[in-house]
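Student: Chains as they are written, first to last, in the working numbering: chain D, 104 to 764; chain W, 154 to 504. Built from N, CA and C at the ideal position, the CB exists for glycine as well.
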């Protein structure tokens, strides 16, 4: 049988697929029909994954930079070179060395990289590429419920009566979850989308509330206020299972209807209807993006509080559901890829936890949290980067100044230009590994082909690096690594490669479908919120609010998608039409500017300017504009000036002026 | 007509293995999913397995294949082109009539028109086909609406029909007859033809109770699809639900669109790869220069159903393009598989 079952590793949905494997190559792909999440469906990325897996753009040998050129080397030489250089900066309190891990690595690989950083190179400066968005969400959910992950379950979407989609272009970002939502709505669930843009899921919703940029927070707060004012919140639930309700209710009592209407651009009556429908439904779920385009902490807190007040947390068909755009974003946090966390969201600062890890690893660990690599960019002397998407280009000036940069990855990428040593690793079909999807589902994907000659999987590379640095790790396989993770991580305690062998794997903690309020043991706490309802406002000088988002087949200048053909062509379909990228504006603004589709315009902000073509579309409201965050040339030049804004995720808006060129 | 004992039916596959690579329905152990795939051991084949998840189309028209490679000598300005055709001998064992009808459509598309597709012709030219009558429909089937089942009428070398304790073996070609004779199969009594008809009638009569997932009275919509007299709003309604994944084309037994890419393998050399393509993708209908006559997704969707259901297209296939397998409905993230589309168009006609 040449069809081998496995898991698609493009996005955080974690769909099941069967790869057509013959003569050590992948010849095609087919969806897995009885997979609990994807149920026989795949998106454009998943249907063409064999193109990526057959790319000629793999890194085929270790490389060391000599006299400015990358020169072929053996693993032995390259690993020695890496260890020698990193050892120079090996100090307990060092902020000279940093590790930038990848949300695409398997759990086993990320765990070993984390161990390597902390136990071997003595630094806690380890963080994830791409975003703080998911961390913010996890902080809110963990503080409230003790669960640092999606509170609901994708499998229960069909059991939910009310579905709220907030600020996520879900049929593009995680198409199969979008499909589940659409099917649930067709089967009778009420779906409401709140978004700045008229997305596909908005069109498929019963009600679409087009909101002004940056006003999600006030809209969520107002929905809660309506529910409380009309006494529609679940008072019994709130009393039995929650804490901190009074404080939350008081904090939003001052909201005024007129203010809400003005700031959100949505008639209050429609918001009221939504609040009532949410409260009356027996079950409800909310979906929002949790990657680079995620919300700020306050918005997430209001979303969570709204659902807690409605009694729609911890019950069947209910949940606050952050959606991860990248395949192992959730798993990476589970593996402690953060300056202040060990596995399973256990804080580094907890003495007992630190001792447990120190004992298992046979070292004395430093309990002082490190820093994010991004915060240290201008101070770091050495950095190890894994499998980076090309958004690193934003930090090129700092990276070129570093004394030592190592790049570890399977595919070629611009980042190699800045590396002093390049270490290739195998892809996910060339080794066993587990990935944790957006609903905490840990899934095992097995080795299906032999890696190209001389290429080793990531976990073996990390063992090699540790060994060169004088530490002997005795893992014989990724399964051994998972056993150690399970031993140290309460949520993963019953997980092993054996228990994951069934289709769909197993969700943490210990197979629980979702957060269960009855079994939680502690009261769910309302998240503290700041009653700050300011929204970004355009000025006379900069009258248009520019929003930054993802685009269909590409996200974050994705290094992987560029190595495919059909998905790449779909990307080019946009790029060929708009070679410098595009800014979407409303027909009304286009008329005022006297421009038509594909006319060049200049976009000016208080900090800089760029030129792009316009895309005229009724998807955006007048006086707002949308930029797809994926075009290299645009992102690098213009957005470098707006790093602080980008940190705010989906709430990122930049007031700009647009003029015809 | 011949007969073979049920317990010996895989001997046909074993006989074929002497000369052909045999492909057939195999239940994948881990997922319990039927895949139509090449086997080393004929015992893996399962004639009672549910309809394969993927039609056998990929054997004559692979998902992703190299069709040639070339090198260019810059100094001599000379190109060396090496076609990479697969003309190996292949036998399809236990193909269902819907899927066989799909291959007949592909034959007429790739071979039956002005230009012959050499890549396809090579895949197809040394092929032996053993069809399998569906004595019971599956839940997603609607071949009775598309005149493509439950038993094949053409295109096979042998056709099997389950008679209970034995299979009726009909030869559809000289090649098939030779094989049956070579195996020394018992001759069947002419009365068994009637019995087979009764089995097919019984199978058809079970559609109402069993094949409940889909109904598609395509004859009611062919006229409208051909003339285009369908309200734009219907296409918009359908287009809004399209997630542009391409799955409907990929699983369709008769979809034949492909894309060509030439990835470089060295400074002077490149491979030519052919991959499946889909009209649901925006880049599919974009022309050089950027103009896209079918930019909105609903325009691309209407094109797909024109291809499956119009008279104009049926002239090429000598039948409708839809073969009633129901797979597009399985894999569609948007709930707009062909049977649903037919329903929406009929609803529009009625209104």
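Please say whether residue 154 of chain W and residue 284 of chain W have beta carbons closer to each other than 8 Å?
Tutor: Their beta carbons are not under 8 Å apart, which means residue 284 of chain W does not touch residue 154 of chain W by this criterion.
Student: Would you call residue 399 of chain D buried or exposed, if buried means 16 or more other Cβ atoms sit within 10 Å of its Cβ?
Tutor: Buried is the call here.
Student: Output, in sequence order along the chain, the residues in the stretch 294-328 of chain D whose CB is closer than 9 Å to any CB in chain W.
Tutor: From the stretch 294-328 of chain D, only 303, 306, 307 have a Cβ closer than 9 Å to chain W.
Student: Please work out which residues of its chain come closer than 7 Å, Cβ to Cβ, to residue 666 of chain D, disregarding the five sequence neighbours upstream and downstream, and give them in chain order.
Tutor: The residues are 155, 158, 160, 514.
Student: Straight-line CA distance for residue 439 of chain D to residue 569 of chain D?
Tutor: Each residue's alpha carbon lies about 18 Å from the other.
Student: Give the interface partners of residue 679 of chain D over in chain W, defined as CB-CB distance under 7 Å, in chain order.
Tutor: Result: 443.
Student: Using a Cβ-Cβ cut-off of 6 Å (strictly less than) and excluding sequence neighbours within five positions of residue 527 of chain D, which residues of its own chain qualify?
Tutor: Same-chain partners within the cutoff: 162, 558.
Student: For residue 436 of chain D, count neighbouring C-beta atoms within 10 Å of its own C-beta (all shown protein chains included) and say buried if the count is 16 or more, exposed if not.
Tutor: It is buried - the Cβ of residue 436 of chain D has at least 16 other Cβ atoms within 10 Å.
Student: Using the beta-carbon of each residue, which ones in chain D are nearer than 7 Å to residue 416 of chain W?
Tutor: Those are 159, listed as they occur along chain D.
Student: Measure the alpha-carbon distance for residue 489 of chain D versus residue 577 of chain D and round it to whole angstroms.
Tutor: Roughly 23 Å between the two C-alpha positions.
Student: Tell me whether the beta-carbon of residue 162 of chain W lies closer than 8 Å to the beta-carbon of residue 200 of chain W.
Tutor: Yes, they are a contact pair.
Student: Does any residue of chain D have a CB that is nearer than 8 Å to the CB of residue 276 of chain W?
Tutor: Taking Cβ atoms only, chain D never reaches closer than 8 Å to residue 276 of chain W, which makes this a no.
Student: May I ask you to report which of helix, strand or coil DSSP gives residue 368 of chain W?
Tutor: Coil at residue 368 of chain W, not helix or strand.
Student: Thinking just about the alpha-carbon of each residue, which of D:465, D:107, D:518 is nearest to the one in residue 221 of chain D?
Tutor: With distances taken between Cα atoms, residue 221 of chain D lies closest to D:465.
Student: Taking residue 500 of chain D as the reference, which of D:480, D:172, D:486 has the closest Cα?
Tutor: It is D:480.
Student: Jot down the residue ranges of each uninterrupted alpha helix (DSSP H) in the stretch 397-461 of chain W, minimum 4 residues, whole runs only, in chain order.
Tutor: Qualifying alpha helix (DSSP H) stretches, in chain order: 400-404.
Student: Shorter than 8 Å from the beta carbon of residue 364 of chain W to some beta carbon of chain D?
Tutor: Closer than 8 Å: no.
Student: Please list the terminal residues of the continuous alpha helix (DSSP H) segment that includes residue 581 of chain D.
Tutor: From DSSP, the alpha helix (DSSP H) with residue 581 of chain D extends over 581-591.
Student: If the cut is a Cβ gap below 9 Å, which residues of chain W does residue 436 of chain D touch?
Tutor: Those do not exist, as residue 436 of chain D stays about 28 Å from chain W at its closest Cβ, beyond 9 Å.
Student: Cβ of residue 251 of chain W within 8 Å of Cβ of residue 301 of chain W?
Tutor: Taking 8 Å as the Cβ cut-off, residue 251 of chain W and residue 301 of chain W qualify as a contacting pair.
Student: Considering Cα atoms alone, identify which of D:572, D:548, D:606 is closest to residue 581 of chain D.
Tutor: Taking only the C-alpha atoms, the option nearest residue 581 of chain D is D:548.
Student: Since residue 172 of chain D sits in a beta bridge, which residues does DSSP pair it with?
Tutor: Residue 172 of chain D pairs with D:169.
Student: In chain W, what lies closer than 8 Å to residue 136 of chain D by C-beta?
Tutor: Those within 8 Å of residue 136 of chain D in chain W are 184, 186, 206, 483.
Student: Between W:398, W:420, W:480, which has its C-alpha nearest residue 454 of chain W's C-alpha?
Tutor: Nearest option by C-alpha distance: W:398.
Student: Quick one: which residues of the stretch 406-434 of chain W get their C-beta closer than 8 Å to a C-beta of chain D? List them in chain order.
Tutor: So the list reads 412, 414, 416, 417, 418, 426, 428, 430, 434, given in the order they occur along the chain.
Student: Cβ of residue 386 of chain D less than 8 Å from any chain W Cβ?
Tutor: False, the Cβ-Cβ gap to chain W never drops below 8 Å.
Student: I'd like the list of long-range same chain contacts for residue 172 of chain W, defined as Cβ closer than 7 Å, with 5 residues on each side in sequence excluded.
Tutor: The residues are 242.
Student: How would you write the range of the alpha helix (DSSP H) that residue 110 of chain D sits in, first residue to last?
Tutor: From DSSP, residue 110 of chain D is part of no alpha helix (DSSP H) but of the beta strand (DSSP E) over 106-110.
Student: Using a Cβ cut-off of 8 Å (strictly closer), state whether residue 248 of chain W contacts chain D.
Tutor: Not closer than 8 Å to any Cβ of chain D, the Cβ of residue 248 of chain W fails to qualify, so no.
Student: Would you mind telling me which residues of chain D sit closer than 8 Å to residue 215 of chain W, beta carbon to beta carbon, in chain order?
Tutor: Per Cβ cutoff of 8 Å: 130, 131.
Student: Need the endpoints of the beta strand (DSSP E) that residue 218 of chain W sits in, please.
Tutor: Counting along the chain, the beta strand (DSSP E) containing residue 218 of chain W begins and ends at 217-226.
Student: Quick check: the Cα distance between residue 409 of chain D and residue 253 of chain D, rounded to an integer number of angstroms?
Tutor: Taking the straight line from one Cα to the other gives about 16 Å.
Student: To be precise: take each residue of the stretch 472-502 of chain W, compare its Cβ to all Cβ atoms of chain D, and keep it if any distance is under 8 Å. Which residues remain?
Tutor: So the list reads 483, 484, 485, 486, 487, 488, given in the order they occur along the chain.
Student: In terms of DSSP beta bridges, what is residue 230 of chain D paired with?
Tutor: For residue 230 of chain D, which the question treats as bridged, DSSP gives the partners D:203.
Student: Just to check my reading of the structure: residue 715 of chain D and residue 706 of chain D have Cβ atoms closer than 8 Å, yes? What is that Cβ distance to the nearest angstrom?
Tutor: Contact holds; Cβ gap of about 6 Å.
Student: In chain order, what residues of the stretch 374-399 of chain W put their CB closer than 8 Å to some CB of chain D?
Tutor: Listed by position, the residues of the stretch 374-399 of chain W near chain D (Cβ gap below 8 Å) are 393, 394, 396, 397, 398, 399.
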